[in-house]
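> Chains as they are written, first to last, in full-length UniProt numbering: chain A, 1 to 262; chain B, 1 to 262; chain C, 1 to 262.
The beta-carbon is built from N, C-alpha and C at its ideal position, and this holds for glycine as well.
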Amino acid sequence: MSYLQTLRETTPLIHNLTNEVVINFTANGLYAIGAVPVMSKSLDEVSDMASIASGVLLNIGTVTSTDIEAMLLAGKAANEKGIPVVLDPVGAGATPFRLKTCHRLLDELEITAIRGNASEIAALLGEDQWQSRGVDSTGDGNVVKLAQQAAASLTCLIVLTGETDVIATKDETVVCQNGIPLLGSITGTGCLFSSLLTAFLSLEGPSVEKATEAISVYTIASEMAAEHANVQGPGTLHPYFLDALYNIRPEDVRKRQKVEAR
Amino acid sequence: MSYLQTLRETTPLIHNLTNEVVINFTANGLYAIGAVPVMSKSLDEVSDMASIASGVLLNIGTVTSTDIEAMLLAGKAANEKGIPVVLDPVGAGATPFRLKTCHRLLDELEITAIRGNASEIAALLGEDQWQSRGVDSTGDGNVVKLAQQAAASLTCLIVLTGETDVIATKDETVVCQNGIPLLGSITGTGCLFSSLLTAFLSLEGPSVEKATEAISVYTIASEMAAEHANVQGPGTLHPYFLDALYNIRPEDVRKRQKVEAR
Amino acid sequence: MSYLQTLRETTPLIHNLTNEVVINFTANGLYAIGAVPVMSKSLDEVSDMASIASGVLLNIGTVTSTDIEAMLLAGKAANEKGIPVVLDPVGAGATPFRLKTCHRLLDELEITAIRGNASEIAALLGEDQWQSRGVDSTGDGNVVKLAQQAAASLTCLIVLTGETDVIATKDETVVCQNGIPLLGSITGTGCLFSSLLTAFLSLEGPSVEKATEAISVYTIASEMAAEHANVQGPGTLHPYFLDALYNIRPEDVRKRQKVEAR
Numbered sequence: 001m002s003y004l005q006t007l008r009e010t011t012p013l014i015h016n017l018t019n020e021v022v023i024n025f026t027a028n029g030l031y032a033i034g035a036v037p038v039m040s041k042s043l044d045e046v047s048d049m050a051s052i053a054s055g056v057l058l059n060i061g062t063v064t065s066t067d068i069e070a071m072l073l074a075g076k077a078a079n080e081k082g083i084p085v086v087l088d089p090v091g092a093g094a095t096p097f098r099l100k101t102c103h104r105l106l107d108e109l110e111i112t113a114i115r116g117n118a119s120e121i122a123a124l125l126g127e128d129q130w131q132s133r134g135v136d137s138t139g140d141g142n143v144v145k146l147a148q149q150a151a152a153s154l155t156c157l158i159v160l161t162g163e164t165d166v167i168a169t170k171d172e173t174v175v176c177q178n179g180i181p182l183l184g185s186i187t188g189t190g191c192l193f194s195s196l197l198t199a200f201l202s203l204e205g206p207s208v209e210k211a212t213e214a215i216s217v218y219t220i221a222s223e224m225a226a227e228h229a230n231v232q233g234p235g236t237l238h239p240y241f242l243d244a245l246y247n248i249r250p251e252d253v254r255k256r257q258k259v260e261a262r
Numbered sequence: 001m002s003y004l005q006t007l008r009e010t011t012p013l014i015h016n017l018t019n020e021v022v023i024n025f026t027a028n029g030l031y032a033i034g035a036v037p038v039m040s041k042s043l044d045e046v047s048d049m050a051s052i053a054s055g056v057l058l059n060i061g062t063v064t065s066t067d068i069e070a071m072l073l074a075g076k077a078a079n080e081k082g083i084p085v086v087l088d089p090v091g092a093g094a095t096p097f098r099l100k101t102c103h104r105l106l107d108e109l110e111i112t113a114i115r116g117n118a119s120e121i122a123a124l125l126g127e128d129q130w131q132s133r134g135v136d137s138t139g140d141g142n143v144v145k146l147a148q149q150a151a152a153s154l155t156c157l158i159v160l161t162g163e164t165d166v167i168a169t170k171d172e173t174v175v176c177q178n179g180i181p182l183l184g185s186i187t188g189t190g191c192l193f194s195s196l197l198t199a200f201l202s203l204e205g206p207s208v209e210k211a212t213e214a215i216s217v218y219t220i221a222s223e224m225a226a227e228h229a230n231v232q233g234p235g236t237l238h239p240y241f242l243d244a245l246y247n248i249r250p251e252d253v254r255k256r257q258k259v260e261a262r
Numbered sequence: 001m002s003y004l005q006t007l008r009e010t011t012p013l014i015h016n017l018t019n020e021v022v023i024n025f026t027a028n029g030l031y032a033i034g035a036v037p038v039m040s041k042s043l044d045e046v047s048d049m050a051s052i053a054s055g056v057l058l059n060i061g062t063v064t065s066t067d068i069e070a071m072l073l074a075g076k077a078a079n080e081k082g083i084p085v086v087l088d089p090v091g092a093g094a095t096p097f098r099l100k101t102c103h104r105l106l107d108e109l110e111i112t113a114i115r116g117n118a119s120e121i122a123a124l125l126g127e128d129q130w131q132s133r134g135v136d137s138t139g140d141g142n143v144v145k146l147a148q149q150a151a152a153s154l155t156c157l158i159v160l161t162g163e164t165d166v167i168a169t170k171d172e173t174v175v176c177q178n179g180i181p182l183l184g185s186i187t188g189t190g191c192l193f194s195s196l197l198t199a200f201l202s203l204e205g206p207s208v209e210k211a212t213e214a215i216s217v218y219t220i221a222s223e224m225a226a227e228h229a230n231v232q233g234p235g236t237l238h239p240y241f242l243d244a245l246y247n248i249r250p251e252d253v254r255k256r257q258k259v260e261a262r
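Here you go:
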């Protein structure tokens, strides 16, 4: 049985504390894959909401100081319940505030996984060779090595996405090569993936295996969407990508998956 | 003359105090049907904005304590002006804060109508048989009886949506059977309907009649969208559903409407 | 060389302090045209973010008192760095708070350009003949004269959009006649244009020329989208319009452009 199938059968509730830009896309993407989204950053209820969820996603894309309090409350409730907490350090290197926020969340919470692009992961490690420019990822370094360093240093699962996707723990590394460049022209495709990763990590099973299937499902869905004759740019890719997340089957993943242990 | 036609000729301005997830979809859906949306939750202007509107929508989907103050100000301005105020109790049973918020709004304002799914309406009545899980509706109870109980107990128009849609006042009940399950895979389709309902209720005429036409227009538009060859999932349903709201004619409603008084 | 081509080669980072309704559409539209969006209204980082950007967009669509402080901080950082600051006075005449907010931003910041519809520009001038109704523009006055008056009185570039688009400084006026009415049925098309205008103004060159190309690219893209057989309403126009922004070439602009100096 695939994790995708289990996810659709168990429809995990994912509590997203995410940014205003991607909040709608995240909800639609979680529904499409078969999970159930809930969004709340109200201090009056985040602990209660995290307590009924199967996973919590913290995304700092438009974070404010009040949001940070909400993330700490939700994260602590999740830690107490033993459900996964995923951090998406959007634009971590763009401002000192973002970097400080990430380190505060990493210090005060048990983070299960970090999902970011190369420049965001590098920023968390204090490395300068990946320049952060807004929320974009640029730079050419060795992403496999970077993910492995981050996994060792930050002691959690690292999912580094980009042209090549890398999943790393201190013991294991998996490299995934599916996907299409055009996906990066839709805002929030990294953010939505972080939420889907949270949904997959909420299932039973080894983390690297679950993360590998999550990234394969997501990137193969983008390939399937791009093959549709109606898709001529990022505008049309958007609806067809959500359709592909809804329609993708375990056998599509098995046939197309380009995955390699390192 | 249909209410739909009147709505398109009078283009009512609807002031939405709604959640961050659905705010864009709500604005686009109101424009598509022929109304004019305005969104504001700023304490500095909500009273003024409600005063120039034809209807006010209160949606607690991502509500904060500041939002509640804004909803009370806008609701009071609407009550003074005599325009409809519609409450969407998103996920009312999910956390104590949401339930308390709903009761505060119901206590301090004259609410014209409540639009919710079965678990949300049940939560407002203090019933446990409909379990709330995030903002999803689950459970199998007798929705007609539930809507009637709510109308009697909460003394306002109840519009309970789901596989079967029920409109109830203390004197009348109407059951509507149009629509497609896939609509539930787009986030905010319940929320957008609450805003459209507000627009219909802002017109002259008996409330149950206006609510019935609102739900028929909405669900029949979803059927028309789903018939389009390009619609293969929730991603493509989204644009074609907005097109259907824009293109639906009164005669489409007359021909397809499945409505029954109880 | 066209500004469009330069924009795609230099991919300017645009810092948007914008409203919740259009924030996702704005980010997707900026990516589509070739710019890079960043969104932040956090007081803890807006100055830093504006300092690494090439342009700053201030949009008051759902503005709160905290947002105003953020806009002042970001605007001042932009002024110090000498990058353009564009104001979108959404619904300026709808409430006293919105009008007061616009005047405060105009008083305390050096605004490079204002992009609004006729009723918004008229509201800034204290004129009543263009009635503001929510964020809609209505009224029939002489928009060329209005734009010229605003340019003289507010001493910045005015880009007045509507059926006819007018670009005015105290010395020059250009009238643009491309575009389709249906674009107005998608929420945030004015707002997104303000962000694209910011991106064009961040390039080297004369302001009126850059603004003229920006409005031509945008409105011609809407024409190209509307010609697609799949576009049957505002729902389908949305993805095809984003595709058109992504695919439009300088030669499309040259062939279709309807521009006249006045």
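Against chain B, does ASN142(A) count as a neighbour if the rule is that its beta carbon must be under 7 Å from one of theirs?
no
> I'd like to know whether the C-beta of SER216(B) is nearer than 7 Å to at least one C-beta of chain A.
no
> How about ALA113(B) and ALA77(B): are their beta carbons less than 7 Å apart?
By the CB criterion at 7 Å, ALA113(B) and ALA77(B) fall outside the cutoff.
> Look up GLY205(B) in the DSSP assignment and say whether it is helix, strand or coil.
coil
> Within the same chain, show all residues whose beta-carbon is closer than 7 Å to that of ILE180(A), passing over the 5 residues directly before and after it, in chain order.
SER222, GLU223 and ALA226
> What residue from ILE83(C), THR169(C), GLY29(C) and LYS210(C) has the CA that sits closest to THR6(C)'s CA?
LYS210(C)
> Any beta carbon from chain A within less than 7 Å of GLY139(B)'s own beta carbon?
Bear in mind that a pLDDT of 49 at GLY139(B), under 50, signals an unreliable position, so the number given afterwards is only what the model happens to contain. No, no contact with chain A.
> For ALA236(C), report the span of its beta strand (DSSP E) as first-last.
Note that residue 236(C) corresponds to Thr in the displayed sequence, not to Ala. THR236(C) -> not in any beta strand (DSSP E); alpha helix (DSSP H) instead, spanning 234 to 247.
> Within 7 Å (strictly less), CB to CB, does GLN5(A) reach chain C?
no
> Do the CB positions of THR26(B) and VAL63(B) come within less than 7 Å of each other?
No.
> What's the C-alpha gap between ARG109(A) and ASN79(A)?
Checking the displayed sequence, the identity of residue 109(A) turns out to be Leu instead of Arg. The straight-line gap from Cα to Cα measures roughly 7 Å.
> Below 8 Å CB to CB, which residues in the same chain sit around LEU242(A) once its five sequence neighbours on both sides are set aside?
ASN28, GLY29 and ALA32
> Excluding the 5 residues flanking LEU13(A) on each side, which residues of the same chain have their C-beta closer than 7 Å to its C-beta?
VAL36, VAL38, ILE52, ALA53 and SER54
> Closer than 8 Å by C-beta to VAL253(C): which residues in its own chain qualify, once you throw out the five before and the five after it? Chain order, please.
SER2, LEU4, GLU213, SER216, VAL217 and ILE220
> Compute the Euclidean distance between the alpha carbons of VAL174(B) and ARG115(B), then round it to the nearest angstrom.
C-alpha separation (whole angstroms): 14 Å.
> Quick one: measure Cβ to Cβ for GLY235(A) and HIS238(C), integer angstroms, because I've assumed they're closer than 8 Å.
7 Å
> Reducing DSSP to helix, strand and coil, say where PRO250(A) ends up.
helix
> Need the endpoints of the beta strand (DSSP E) that ARG115(B) sits in, please.
113 to 116
> Restricting to Cα atoms, I'd like to know which of PHE200(B), GLY93(B), ASN16(B) and GLN149(B) is closest to ALA70(B).
ASN16(B)
> Looking at the structure shown, is ASN79(A) part of a helix, part of a strand, or coil, going by DSSP?
helix
> Check whether the Cβ of THR95(B) lies closer than 7 Å to any Cβ atom in chain A.
Cβ-Cβ to chain A under 7 Å: yes for THR95(B).
> Given a limit of 8 Å on CB to CB distance, which residues of the segment 44 to 61 of chain C reach chain A?
Contact annotation: in the segment 44 to 61 of chain C, residues whose CB is within less than 8 Å of a CB in chain A are ASP44, GLU45, ASP48, MET49, ILE52 and ALA53.
> Would the beta-carbon of ASN59(A) fall within 7 Å of that of CYS191(A)?
yes
> Need the endpoints of the beta strand (DSSP E) that ILE167(B) sits in, please.
165 to 168
> For chain A, check one thing: does any of its Cβ atoms lie closer than 7 Å to the Cβ of ASP243(C)?
yes
> Which residues in chain B have a C-beta closer than 8 Å to the C-beta of HIS238(A)? List them in chain order.
GLY235
> From LYS170(C) to VAL46(B), what distance separates their C-alpha atoms?
Going from the Cα of LYS170(C) to the Cα of VAL46(B) covers about 36 Å.
> Between THR161(C) and chain B, is there a C-beta pair that is closer than 7 Å?
no
> State the beta-bridge partners of LEU160(C) as determined by DSSP.
LEU160(C) is bridged to GLY116(C) and VAL166(C).
> I'd like the span of the alpha helix (DSSP H) that includes ALA261(A), first residue to last.
Taken as a continuous stretch (DSSP letters only), ALA261(A) belongs to no alpha helix (DSSP H), being part of the beta strand (DSSP E) at 259 to 261.
> Let me confirm a value: LYS145(C) is counted as buried when at least 16 other C-beta atoms fall within 10 Å, else exposed. Which label applies?
exposed
> Cα-Cα, which of LEU87(B), GLY34(B), GLU9(B) and LEU203(B) is closest to LEU160(B)?
LEU87(B)
> Which value, in whole angstroms, describes the spacing of the CA atoms of LEU125(B) and SER153(B)?
8 Å
> The alpha helix (DSSP H) that contains VAL143(B), what's its start and end?
143 to 154
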